[in-house]
Amino acid sequence: MADKSIAQLNEAEKVYSDDLFVLNQSGSAKKLSGNTLKNWLLEIAESLGGISKIEKVSTSGLKDTYRIYYAKDGTTTDFTVTNGAKGDKGDNSYVWIRYTGQEPTESSHSFGTTPDNWMGIYAGNSATAPTDYKQYAWFQIKGEKGDTGDAASVTNKSVTYQIGASGTTAPSGSWLQAVPTVPQGQFLWTKTDVTFNTGDTITWYCVSRMGIDGTGAVSTVCGVDPDSSGNVPLTGADIPQSSDDPTSISTAISGKQPKITASGLLKGNGSGGVSAAVAGTDYQSPVKSATVTLSASAWSNNAQTVSVSNVTTGSLVTVAPVPTSRKAYLEADVYCSAQGAGTLTFVCEDVPSVNLDVNIQIINK
Numbered sequence: 004m005a006d007k008s009i010a011q012l013n014e015a016e017k018v019y020s021d022d023l024f025v026l027n028q029s030g031s032a033k034k035l036s037g038n039t040l041k042n043w044l045l046e047i048a049e050s051l052g053g054i055s056k057i058e059k060v061s062t063s064g065l066k067d068t069y070r071i072y073y074a075k076d077g078t079t080t081d082f083t084v085t086n087g088a089k090g091d092k093g094d095n096s097y098v099w100i101r102y103t104g105q106e107p108t109e110s111s112h113s114f115g116t117t118p119d120n121w122m123g124i125y126a127g128n129s130a131t132a133p134t135d136y137k138q139y140a141w142f143q144i145k146g147e148k149g150d151t152g153d154a155a156s157v158t159n160k161s162v163t164y165q166i167g168a169s170g171t172t173a174p175s176g177s178w179l180q181a182v183p184t185v186p187q188g189q190f191l192w193t194k195t196d197v198t199f200n201t202g203d204t205i206t207w208y209c210v211s212r213m214g215i216d217g218t219g220a221v222s223t224v225c226g227v228d229p230d231s232s233g234n235v236p237l238t239g240a241d242i243p244q245s246s247d248d249p250t251s252i253s254t255a256i257s258g259k260q261p262k263i264t265a266s267g268l269l270k271g272n273g274s275g276g277v278s279a280a281v282a283g284t285d286y287q288s289p290v291k292s293a294t295v296t297l298s299a300s301a302w303s304n305n306a307q308t309v310s311v312s313n314v315t316t317g318s319l320v321t322v323a324p325v326p327t328s329r330k331a332y333l334e335a336d337v338y339c340s341a342q343g344a345g346t347l348t349f350v351c352e353d354v355p356s357v358n359l360d361v362n363i364q365i366i367n368k
């Protein structure tokens, strides 16, 4: 039976004669048997009509005071028990794991933290990993490198064929040793089985489709037979007029542009006519390019106007930051808000802290 403290007395349903209660007397631990305690309590209880209850009434440090209530007249008896002091805190336990390439010996016992063939385990009170290999229990966790295995070789190869209606799902019928005659539009499946000396077998498939016959060669075109070379010599008169256009092909061909016998510069007038062009005059709508810099110090009320040659109020203008300015340009939410004769105005949500280079394309109408 385990030793019991006096503090457990009030919780005990029964006290046995072989129970031992630990007391403190003159600084030394003493043990009181359950039989002696029981006889003492019975002697007192019998003279006072029995005990109605026992309860702890106070605690001071290690001392607990208990009170016995007697049933006869309600009188009480107090007694004090001094409990044992709290023991010292136990040492911490640590586990350290180290590795080495071979079993450590007195002459060769270097080890570290990189996993290797041997693993050492330390379990103890050292807060740091011991450097003495003898403090570890060593286990071999990786065996020696095995012999090179035999190379695999092909022991058998079989090629068989089957006709199928699908080009994605292999047919389920019998496979043939010879290539069958495949109907138009059907698929020829080729199955190859390869067996190795290991007993393993791999299978792969190849599929191809038999083409459908064409509609045959053309015999005539617009009633004209081909010549000996297979070409059909057609003239405008051979081609009938369209139901959408009553003009015959021959008539349309006869109305072609007369042969040009002179050359010069012409310009359109926008109404289908042409007139002589003046040499050196640019009649196109050229695309002009420019690059401007939006200075970080030139922003005023989140706006900045820069000069750009070739810009007019009617120009089609596109702007885009150069790659090195793209991030700052987008973060500041910069865009072109207005244009004038030779100027562009930019606005931003947040004034950028760096200069921004912007590519400009100008299309003049």
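For what it's worth, our numbering labels the leading residue of the sequence shown as 4, then goes sequentially. Note that the Cβ used here is the ideal one computed from N, Cα and C, for glycine as well.
To the nearest angstrom, how far is it from the Cα of residue i to the Cα of residue j?
i, j, result
"V84", "K56", "17 Å"
"V60", "Y72", "12 Å"
"W207", "G170", "14 Å"
"C351", "T308", "12 Å"
"M4", "T39", "Below a pLDDT of 50, predicted positions are generally treated as unreliable, and M4, at 47, falls in that range; no measurement from the model is reported."
"I100", "A335", "56 Å"
"T62", "K89", "15 Å"
"N362", "N304", "23 Å"
"T204", "N234", "57 Å"
"S110", "D153", "39 Å"
"G53", "D81", "16 Å"
"G226", "A168", "41 Å"
"V157", "I215", "39 Å"
"P355", "F114", "58 Å"
"T79", "L65", "23 Å"
"T103", "T116", "8 Å"
"T346", "S300", "18 Å"
"F142", "L179", "60 Å"
"D230", "D247", "31 Å"
"G93", "A74", "47 Å"
"S222", "D228", "6 Å"
"P183", "G149", "50 Å"
"Q105", "D91", "42 Å"
"S177", "K194", "11 Å"
"D241", "S232", "19 Å"
"T337", "P249", "Checking the sequence shown, residue 337 turns out to be Val, not Thr. Roughly 60 Å separates the two Cα atoms."
"E147", "T134", "26 Å"
"A306", "K330", "19 Å"
Would residue i and residue j be called neighbours here (beta carbons separated by less than 7 Å)?
i, j, result
"V325", "C339", "no"
"K160", "V210", "no"
"V298", "N358", "According to the sequence displayed, residue 298 carries Ser and not Val. Contact: yes."
"G127", "Y139", "no"
Enumerate in chain order the residues of its own chain whose CB-to-CB distance from residue i is below 8 Å, with the five nearest sequence positions on each side excluded.
i, result
"M213", "V185, P186, Q187, G188, Q189, F190, L191"
"A181", "Y164"
"A130", "N95, Y97"
"A344", "V314, T315, T316"
"E46", "none"
Assuming the contact rule is C-beta atoms closer than 8 Å, residue i and residue j should be a hit. Round their C-beta distance to whole Å, please.
i, j, result
"Q342", "S318", "7 Å"
"Y136", "P107", "4 Å"
"A155", "T201", "6 Å"
Taking 6 Å as the limit between beta carbons, can you name the residues of its chain near residue i, skipping five residues before and five after?
i, result
"K145", "N120"
"V320", "Q342, I365"
"Y332", "P324, L359"
"A293", "V311, I363"
"A132", "W99"
"D353", "A335"
"S251", "Q244"
"V296", "Looking at the sequence provided, one finds Thr at residue 296 rather than Val. So the qualifying residues of the chain are N358, D360."
"G87", "none"
"I166", "P183, V185, Q189"
"T151", "none"
"W302", "V354"
Taking all protein chains shown into account, do 16 or more other C-beta atoms lie within 10 angstroms of the C-beta of residue i, making it buried, or fewer, making it exposed?
i, result
"D67", "buried"
"L237", "exposed"
"S175", "exposed"
"F349", "buried"
"S328", "buried"
"V314", "buried"
"V162", "exposed"
"V290", "exposed"
Which same chain residues, not among the five before or five after residue i, have their C-beta less than 7 Å away from its C-beta?
i, result
"P118", "Y102"
"H112", "Y136"
"V224", "V235, L237"
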